[in-house]
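Protein chains: 2
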Amino acid sequence: MVRREVTPGGVNMGDAGASGPRGLTLDRLELEDGATLAPLTIAYETWGRLAPARDNVALVCHALTGSAHARDDARPDDPRSGWWNPLIGPGRAFDTDRYYVICANVPGSCYGTTGPASPHPGDGEPYRLRFPHVTVADMVRAQRALLLALGIARLAVVAGGSVGGLQALEWAVAYPEAVEKAIVIGAAQRLAAQALAIDDIARQAIMADPAWQGGSYAPGAGPRVGLGIARMLAMLTYTSAEGLEARFGRRPAARASGWPRFGPRLDVETYLQHQADKLVDRFDANSYLYLTSAMDRYDVAAGHGSDRAALGRIRAEMLAVGMSSDWLYPAAQVRALAEAINESGGRARYVELSSPNGHDAFLKDWDAMDALLRPFLASPGDSRGPPHE
Amino acid sequence: MVRREVTPGGVNMGDAGASGPRGLTLDRLELEDGATLAPLTIAYETWGRLAPARDNVALVCHALTGSAHARDDARPDDPRSGWWNPLIGPGRAFDTDRYYVICANVPGSCYGTTGPASPHPGDGEPYRLRFPHVTVADMVRAQRALLLALGIARLAVVAGGSVGGLQALEWAVAYPEAVEKAIVIGAAQRLAAQALAIDDIARQAIMADPAWQGGSYAPGAGPRVGLGIARMLAMLTYTSAEGLEARFGRRPAARASGWPRFGPRLDVETYLQHQADKLVDRFDANSYLYLTSAMDRYDVAAGHGSDRAALGRIRAEMLAVGMSSDWLYPAAQVRALAEAINESGGRARYVELSSPNGHDAFLKDWDAMDALLRPFLASPGDSRGPPHE
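The listed protein sequences derive, respectively, from chains E and H. So in the numbering used here the end of the first sequence lands on 389, straight run, no missing numbers. So in the numbering used here the end of the second sequence lands on 778, straight run, no missing numbers.
Shown next as structure tokens:
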């Protein structure tokens, strides 16, 4: 069932138990919608050492446009070189002296794991829109298959923010016996109508760009303008009104830029455009369509009949982290998730990160994040679950 | 200085003092930025009768994509046939048995008043981007010129919501001796960073549409997709998270539509698309660029040095109306406007409309709006201002 090879992204295979980027190719993965991905290459990275009992695994799940590069061993003190760099490492919240930390790029993405830009096995051309719909449950299935292939049957902890938080929640629901602790940050049972609408407008902007060509743009090309608009919209949902006001207000931009323009340009506008340009250079537009759709479609109750039935499956000790100025998954929704878990017989604690940084606070407010996560991660493991394999 | 004629939109001239749609053409209007509009046709409508003393004029100012058609005499009980239909008429809050109500389409718009789609006097071709930048102050100058041409030197009341509210505020600041009462709804001294960013993204969507052609699309054609995306974004700022959640939640759409699509479509998405389609059929894309820029650029302190200096000019009795779920001009900002007016020596009262309908509540919550406006409009006029001309 498992084939090993060098992935197209240049990620090298290696044995579990050591640090570094690597990849693993599964012959096939059945997806929630009934389709099959065959083969499925999964790019992943690990930090720390797998304990002989294989009971010290911390799976961290990346957000929408993230990758497996959660920590950069070469630049551990640069907070931007790995997306959770300040939280992972020796002595850090995810203490690699204790945990074997794993992060895997999700199916549908474009950082080494099979996605719309990967070659279709039938003709070697990119999948593009022939790529099947993937869901958050599929991301979790892929991670589960990766871990089983590595001989890991149980997670000491699974953690993530945003779509990564949905994955952490789905892990606890889908594989209750396999998760000891779960940390869900800036995520809830499902996305609300306003956020769904924003994501849809963003996808329309991508698909309205003639360079999208029905998804059939050449590798390296694509709907730069449409994807840029989508990213600017997303950035609004990652920031907050108070944060933008404090940082930018109505200040004019220091210099204008290459975008088409109408009227004077403001600093807040060129900031968003800069963020858009950065994403457009690094991310595949079709992947953006697939992954935002996965986020939108996620509903914890799907397949279980109700929230209570879904959340009642959870055996893990849960930590739900809301962010005070989060607009995508408002703090009240994260608090409600924790309450719903407890009302369903689970054990969830809610903590709130007070920050003007909106949804992105979990990728910015390092001291506060460390303070919130460290006690939960440092405490002894759960004794209520089944014995470790 | 004033020429009278039939406007291109088929609006007929008429004398002041009677009801009906009409137009007036000024030879020229100097604009805030130094440019000149020559000529400037202004489409306007009136309801009620002008009193012999000319002291019963209520000017109502329309919002971004509105027109002079605030009331529909033929369909007075259809709340959608005129944008403030339920509030204007005999016995209504703007009681036409007392007030002579006037509404004028603003320069830059596309409902009869000169705008980017109007013929340039030099060559008869549409102005398009040759149209000068117009500001909220220019809208007010145009209204002032119209009223003076009609022999009206003083307003019993000026009122508006959103960009119309900015106009009401600017009237009170720019022509303090000419305004007895002013009603500012869902507007404040200036727009905040987040809303500025949304407007900029919307304009980028319009200009990114190849059908925009640098503004040179043929009359009747234009960037339908880009303008549609802009409108959907704007609709988000006119609604509220709680309102969308209550009305739509995650309900799937009853039927799909002609838009490009990715993944299942939801009711909230097709609702926004329907709103977009309606606007695209009725509004000029270049006008949208000009008018959103005017809203963004408005700053009450401009030309006065400070808010205090600007607001200190006000002599009118002011009513500021915030809407509890307004996201474009949050209620706290409208409250702060009223407080700033009072701290600058003025007389402002703040009232709040509690509603899930967001910024659009002033165009939807008719009973509440009536209850909030009626006492202010029914009270005797100010005795502190100069004697009526």
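Ideal placement from N, C-alpha and C gives every residue a C-beta, glycine not left out. Note that this is a predicted model, so its numbers are computed, not measured.
If I'm right that residue i touches residue j with Cβ under 8 Å, what's the distance once you round it to whole angstroms?
i	j	result
E/M235	E/L272	5 Å
H/P612	H/I595	5 Å
E/G66	E/Y44	Not confirmed; about 13 Å, so no contact.
E/W327	E/G358	6 Å
H/A545	H/A447	6 Å
Taking 6 Å as the cut-off, is the beta-carbon of residue i closer than that to any non-hydrogen atom of the ligand MG?
i	result
H/H451	Within the structure as shown, the ligand MG is missing, as the structure has no ligands at all.
Tell me residue i's beta-bridge partners as DSSP assigns them.
i	result
H/W436	H/V490
E/A93	Paired residues: none, contrary to the question.
E/T36	E/E30
E/C323	For the record, residue 323 of chain E in the displayed sequence is Met; it is not Cys. Per DSSP, E/L353.
H/R579	H/D688
E/I341	Paired residue(s): none; E/I341 is not in a bridge.
E/E317	E/K181, E/R347
H/V546	H/A447
E/L266	E/P252
E/P126	E/P119
E/I88	E/F94
Using the beta-carbon count (16 or more within 10 Å), is residue i buried or exposed?
i	result
E/P260	Summary for E/P260: the model assigns pLDDT 40, below 50, so the residue's position carries little reliability, and this model does not support an answer.
H/D749	buried
H/K570	buried
H/Q532	buried
E/R190	buried
E/A285	buried
H/H663	exposed
E/E269	buried
H/G437	buried
H/A476	A small correction: the amino acid at residue 476 of chain H is Leu; Ala does not occupy that position in the sequence shown. The residue is buried, with at least 16 neighbouring Cβ atoms inside 10 Å.
H/D484	buried
H/A767	exposed
H/G540	exposed
E/L373	buried
H/S714	buried
H/G735	buried
H/M758	buried
H/L668	buried
E/R75	exposed
H/G632	buried
H/G504	buried
H/G635	It is worth fixing the name first, because residue 635 of chain H is Ala in this sequence and not Gly. Counting Cβ neighbours within 10 Å, H/A635 comes out exposed, since fewer than 16 surround it.
E/E170	buried
E/Q213	exposed
E/R130	exposed
Compare the Cα-Cα distances from residue i to each of the options and report the closest residue.
i	options	result
H/H522	H/R438, H/E419, H/A600	H/E419
E/R54	E/P79, E/V60, E/A145, E/Y100	E/Y100
H/A424	H/D527, H/R704, H/L761	H/D527
E/A338	E/A192, E/A294, E/A188	E/A188
H/A705	H/T414, H/G471, H/V573, H/S695	H/V573
H/S744	H/R411, H/A630, H/A538	H/A630
E/L227	E/F248, E/D277, E/D267	E/D277
H/P515	H/R487, H/D462, H/S676	H/S676
H/G511	H/P428, H/W472, H/V723	H/P428
E/P219	E/W366, E/R247, E/G124	E/G124
E/A340	E/I314, E/P330, E/E352	E/I314
H/T628	H/L448, H/R464, H/F751, H/C499	H/F751
H/D756	H/C450, H/H451, H/R481	H/R481
H/S551	H/L544, H/V525, H/V568	H/V525
H/A721	H/A581, H/N474, H/Q556, H/W472	H/A581
E/L233	E/V351, E/R265, E/V334, E/A195	E/A195
H/R671	H/G501, H/C450, H/F520, H/A534	H/G501
E/H120	E/V173, E/R335, E/T41	E/T41
E/A294	E/A254, E/G249, E/P107	E/P107
For a contact defined as C-beta to C-beta under 9 Å, what are the partners of residue i on chain A?
i	result
H/V525	Among the protein chains in the structure shown, which are E and H, there is no chain A.
Discussion item. Counting only Cβ-Cβ distances shorter than 7 Å, please list the residues of the segment 233-244 of chain E near chain H, keeping chain order.
Written reply: Using a CB distance below 7 Å, the part of the segment 233-244 of chain E facing chain H consists of L233, L236, A241, L244, ordered along the chain.
Practice prompt. Could you list the residues in the segment 562-583 of chain H with a C-beta less than 9 Å from some C-beta on chain E, going in chain order?
Written response: Against chain E - using a Cβ distance shorter than 9 Å - the residues of the segment 562-583 of chain H are R579, L580, A581, A582, Q583.
Item to complete: Give, in chain order, every residue of the segment 204-220 of chain E whose Cβ lies closer than 8 Å to some Cβ of chain H.
Response: Answer in chain order: Q204, A205, M207, A208, D209, P210.
Worksheet item: Quick one, which residues of the segment 415-427 of chain H are near chain E if we go by CB-CB under 8 Å, in chain order?
Response: Cβ contacts with chain E: none found.
Item to complete: Using a Cβ-Cβ cut-off of less than 7 Å, list which residues of the segment 438-472 of chain H approach chain E; keep chain order.
Response: Within the segment 438-472 of chain H, no residue has a Cβ that lies closer than 7 Å to any Cβ of chain E.
Worksheet item: In the segment 117-134 of chain E, which residues sit with their C-beta less than 9 Å from some C-beta in chain H, listed in chain order?
Response: Along the segment 117-134 of chain E, going in chain order, the ones with a CB nearer than 9 Å to a CB of chain H are L129, H133.
Worksheet item: According to a CB-to-CB cut-off of less than 9 Å, which residues of the segment 689-714 of chain H neighbour chain E?
Response: Listed by position, the residues of the segment 689-714 of chain H near chain E (Cβ gap below 9 Å) amount to none.
Item to complete: Below 7 Å between beta carbons is the criterion; list the residues of the segment 661-684 of chain H that meet it against any residue of chain E, in chain order.
Response: Residues passing the 7 Å Cβ filter: L661, L678, S682.
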